[in-house]
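Student:
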Amino acid sequence: MIQTLIIKPDRAEEWLTHWIEVNGSLEKLLPPPETEQTLAEISDEVSNYSFDRALICDSDEIAQFLIANNFHFEHNCAVLSVTGYPQNIFPTVMQMLRRNPDLKVFSLHNATPQGVILPHTLRSQSEWFADTTVTVYDLGITPKQILKQPEISVFRSVNLVEEAKNLSSEIKAQLSSEEIEWLEAGNYVELASFSPAKLLRIITRGIANASIGDRELSESGDSGNWSDDEDTSYIYTSDSFG
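For the sequence shown, the working numbering begins at 31 and goes up steadily by one.
If you want it as structure tokens, here you go:
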């Protein structure tokens, strides 16, 4: 279901600012992520530990949201963004992750041209997990997942058309012709379009099921369910690039 945004983000921001001026601050509204942070001092006792999992997001905002909801504590899962958020602990956390030979890495991204690049980035770049045995699972959102759930609202932006057409042949080789066509039409779906509770639930189940089934499950071809139907029973698996 293709939808066109009637209200632009700048306009929505104006309304929110006006609402806060009249009614006061929103208690659960996160501030913009801090882009410049002083490196935090982490004790040797803490840094000597590692995580079983790492979740890498394509935006600082989604990483901030997950950390604010204690996702990292509840799932023994480091949460970082591909741009290096949170900056104050990023180098230390990466050292901790590389210490675990059984680490599982999960990518979480928008269904956009830049988003679908994320798993490849994590697998191929030396600052991430190139030349390691780490398996990178793609939780999504991928075009394939959206195409399987036509009830999900899809948006369209002419600005993404050229970006999609300029994807490298290496990235396009990982996509079906239908997925490429979907992206080149300017279609996209953002993680922020899902409710916080829905997003937390889907990510939790995706990580749990991928961990249980390991590589065999992740390569089964079932890319998971991102349906926005609250009553849906989810059976979520991920795509592995390991």
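Every residue, glycine too, gets a C-beta built ideally from N, C-alpha and C.
What are the partner residues of Phe136, as DSSP defines its beta bridges?
Tutor: In the sequence shown, the residue the question calls residue 136 occupies position 106. For Phe136, which the question treats as bridged, DSSP gives the partners Leu85 and Tyr167.
Student: Taking 8 Å as the threshold (C-beta atoms), are Ile86 and Leu110 in contact?
Tutor: Along the sequence shown, one-based indexing puts residue 110 at 80. Along the sequence shown, one-based indexing puts residue 86 at 56. It is a contact, given that the beta carbons lie within the stated cut-off.
Student: Where does Leu177 fall in DSSP's three states?
Tutor: Position 147 of the sequence shown, counted from the first residue, corresponds to residue 177. Note: Leu177 maps to helix in three-state DSSP.
Student: Do the CB positions of Tyr115 and Ala84 come within less than 8 Å of each other?
Tutor: Looking up residue 115 in the sequence shown gives position 85. Looking up residue 84 in the sequence shown gives position 54. No, these two residues do not count as a Cβ contact at 8 Å.
Student: Which residues in the same chain have their Cβ closer than 7 Å to the Cβ of Thr113, if we skip the five residues on either side of it in sequence?
Tutor: Position 83 of the sequence shown, counting from 1, holds the residue named residue 113. Counting only Cβ-Cβ distances below 7 Å, and skipping sequence neighbours, we find Asp90.
Student: Compute the distance between the beta-carbons of Ser198 and Gly216, then report whether it is under 8 Å.
Tutor: As a working note, residue 198 is residue 168 in the sequence shown. As a working note, residue 216 is residue 186 in the sequence shown. No.
Student: Please determine, among Ile171, Val184, Thr234 and Phe185, the residue with the shortest C-alpha to C-alpha distance to Leu205.
Tutor: Sequence index remark: in the sequence shown, residue 205 carries index 175 (1-based). Closest by alpha carbon: Ile171.
Student: Pick helix, strand or coil for Asn273, following the three-state DSSP scheme.
Tutor: For residue 273 there is no data in the structure shown, the boundaries of the chain being 31 and 272.
Student: Using the C-alpha atoms, what's the distance from Phe224 back to Thr163?
Tutor: Translated into the one-based positions of the sequence shown, residue 163 becomes position 133. Translated into the one-based positions of the sequence shown, residue 224 becomes position 194. Cα-Cα distance, rounded: 33 Å.
Student: Identify whether Phe120 lies in helix, strand or coil by the three-state DSSP scheme.
Tutor: Within the sequence shown, numbered from 1, the residue matching residue 120 stands at position 90. Three-state result, Phe120: helix.
Student: Give the single residue among Arg41, Asn189, Val184 and Asn130 whose Cα lies nearest to the Cα of Leu221.
Tutor: For the purposes of this step, residue 221 is taken as the residue at position 191 of the sequence shown. Closest by alpha carbon: Val184.
Student: Determine the DSSP secondary structure at Arg186, reduced to helix, strand or coil.
Tutor: By 1-based counting over the sequence shown, the position of residue 186 is 156. Here Arg186 sits in strand by DSSP.
Student: Inspect the beta-carbon positions of Asp88 and Asn53 and report whether they are closer than 8 Å.
Tutor: Here residue 88 refers to the residue found at position 58 of the sequence shown. Here residue 53 refers to the residue found at position 23 of the sequence shown. For Asp88 and Asn53, no; Cβs fall outside 8 Å.
Student: Is the separation between the beta-carbon of Ile233 and that of Leu127 shorter than 8 Å?
Tutor: Reading the sequence shown from its first residue, position 203 is the one you call residue 233. Reading the sequence shown from its first residue, position 97 is the one you call residue 127. No, they are not a contact pair.
Student: Taking only the alpha-carbon atoms, compute the straight-line gap between His150 and Gln117 and give it to the nearest angstrom.
Tutor: Position 120 of the sequence shown, counted from the start, is the residue given in the question as residue 150. Position 87 of the sequence shown, counted from the start, is the residue given in the question as residue 117. Those two C-alpha atoms are separated by around 22 Å.
Student: Just grab the DSSP bridge partners of Leu110 for me.
Tutor: What you label residue 110 is simply residue 80 of the sequence shown in a count that begins at 1. Leu110 is bridged to Ile86.
Student: Given that a residue counts as buried once 16 or more other Cβ atoms are within 10 Å of its Cβ, and exposed if not, what is Ala108?
Tutor: Walking along the sequence shown from the start, residue 108 turns up at place 78. Buried: at least 16 other Cβ atoms inside 10 Å.
Student: Should Trp45 be labelled buried (16 or more other beta-carbon atoms within 10 Å of its own) or exposed?
Tutor: Position 15 of the sequence shown, counting from 1, holds the residue named residue 45. By the neighbour-count rule (16 or more Cβ atoms within 10 Å), Trp45 is not buried but exposed.
Student: Please classify Phe103 as buried or exposed, where buried requires at least 16 other C-beta atoms within 10 Å of its C-beta.
Tutor: Stepping through the sequence shown from its first residue, residue 103 is reached at position 73. Label assigned to Phe103: exposed.
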